[in-house]
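S.K.: Can you keep this structure in mind? I'll have questions shortly.
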């Protein structure tokens, strides 16, 4: 389970406390009995409880859907969970059904009761064909659900590089923030998704962004068992001295979390930079061809 952080009270600076409760940066704990780190990808669909038009969408019965629409059924009809036929078709991956509904001018951006659009559901369920159809017909990738997540947040959480690239190609906001102030990049770091971190860096995501508690990407990475993301972030020149709202650095997070390897990597990097800066800012004598020696300063 992914760690997230709280801060204990005390005199002076409070120290970070680490809890191992389910948390994936996409959802908050709404109920103590609810495991919020589940992907929550699909719907709990009981076909027998669905109305005819929703049932046809759920099972991918294109012929029946065509008949229902000819009879005047509402292509945007919602069920008790505010799902449209398009939501169900996208969730289950019936690309032919999605194509039919789009051709019949269904609304692409209607939200279910969790404020999720069909595009979000297609992304969550990694139904790339459905994602492509929706984007090519103008589905909005900027909309957010109840937790402030965009389709790109869910694509990153699902580690689907192809869908991430497709969303960015269709101008998804790479710096969108959810209610925890996590951008897709910070989410990838928080979940230790190395491939996603690399991809988003390549797409020019802001590596210096901070979350709601002023935590940097390096602070989030410092509490991961794998040091790979820490090394990758240091290669991008992130600031090792940044402090969160409680005054703690990435090294502090590594220390209090018990991740000594990460602490050593960060400390060594910081010391090397200080050493290089010191060397590059000391005067170096240069021979001028005369009896005089001039001092030349070189900067970092």
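In UniProt numbering, the protein residues as written are 1 to 300. Beta carbons: idealized from backbone N, C-alpha and C, even for Gly. What you are looking at is a predicted structure, and each value in this text was computed from that prediction instead of being measured.
Can we say the region 101 to 115 touches the region 156 to 163, given the rule of at least three CB pairs closer than 8 Å?
M.R.: Flag = no, the region 101 to 115 and the region 156 to 163 do not touch.
S.K.: At which residues does the alpha helix (DSSP H) containing residue 90 begin and terminate?
M.R.: Looking at the DSSP string, the run of the alpha helix (DSSP H) that includes residue 90 is 85 to 92.
S.K.: Can the beta-carbon of residue 259 be found closer than 8 Å to that of residue 216?
M.R.: Going by C-beta atoms, residue 259 is not nearer than 8 Å to residue 216.
S.K.: Let me know the secondary structure DSSP gives residue 161 once reduced to three states.
M.R.: Of the three classes helix, strand and coil, the one that applies to residue 161 here is helix, per DSSP.
S.K.: Output yes or no for whether 8 Å exceeds the beta carbon distance between residue 119 and residue 141.
M.R.: Closer than 8 Å, so yes.
S.K.: Tell me residue 210's beta-bridge partners as DSSP assigns them.
M.R.: DSSP output for residue 210 lists 216 as bridge partner(s).
S.K.: Mind checking which residues open and close the alpha helix (DSSP H) that includes residue 121?
M.R.: Taken as a continuous stretch (DSSP letters only), the alpha helix (DSSP H) holding residue 121 covers 118 to 124.
S.K.: Of all the options 95, 220, 196, which has the alpha carbon lying nearest to the alpha carbon of residue 165?
M.R.: Nearest option by C-alpha distance: 196.
S.K.: From the DSSP output, in three-state form, read off residue 43 for me.
M.R.: If DSSP states are grouped into helix, strand and coil, residue 43 belongs with coil.
S.K.: In the DSSP assignment, find the unbroken alpha helix (DSSP H) run with residue 130 in it and report its ends.
M.R.: It spans 128 to 136 - the alpha helix (DSSP H) in which residue 130 sits, taken as one unbroken run.
S.K.: With 16 other CB atoms within 10 Å as the buried threshold, where does residue 63 fall?
M.R.: Result: exposed.
S.K.: Since residue 69 is in the alpha helix (DSSP H), which residue starts that stretch and which ends it?
M.R.: Looking at the DSSP string, the run of the alpha helix (DSSP H) that includes residue 69 is 62 to 70.
S.K.: Quick check: what's the CA-CA separation for residue 81 versus residue 254?
M.R.: For residue 81 and residue 254, the distance between alpha carbons rounds to 43 Å.
S.K.: Can you look up residue 181 in the DSSP assignment and give me helix, strand or coil?
M.R.: Three-state result, residue 181: coil.
S.K.: In chain order, what residues of the same chain lie with their CB nearer than 8 Å to the CB of residue 134, ignoring the 5 residues before and after it?
M.R.: Correct list, in chain order: 90, 98, 102, 108, 118, 119, 122.
S.K.: So, with DSSP's three-state summary, where would you put residue 98?
M.R.: Here residue 98 sits in helix by DSSP.
S.K.: Please report the straight-line C-alpha distance between residue 239 and residue 87, rounded to a whole angstrom.
M.R.: Their backbone Cα atoms lie some 43 Å apart in a straight line.
S.K.: From residue 227 to residue 221, what does the alpha carbon distance come to, in whole angstroms?
M.R.: Rounded to whole angstroms, residue 227 to residue 221 spans 8 Å at the Cα level.
S.K.: Exposed or buried, which one is residue 191 when buried takes at least 16 other CB atoms within 10 Å?
M.R.: Per the 10 Å Cβ criterion, buried.
S.K.: For a quick check, are the C-beta atoms of residue 175 and residue 212 less than 8 Å apart?
M.R.: Contact: no.
S.K.: Taking residue 105 as the reference, which of 127, 187, 138, 275 has the closest Cα?
M.R.: Of the listed residues, the one whose Cα sits closest to residue 105 is 138.
S.K.: Please state the DSSP three-state secondary structure of residue 52.
M.R.: Looking at residue 52 - three-state DSSP - the assignment turns out to be helix.
S.K.: Residue 184 and residue 153 look like a contact to me (Cβ under 8 Å); what is the Cβ gap, rounded to whole Å?
M.R.: That belief holds up - the Cβ atoms of residue 184 and residue 153 are roughly 5 Å apart, short of 8 Å.
S.K.: Quick check: residue 251 and residue 243, are their CB atoms within less than 8 Å of each other?
M.R.: Not closer than 8 Å, so no.
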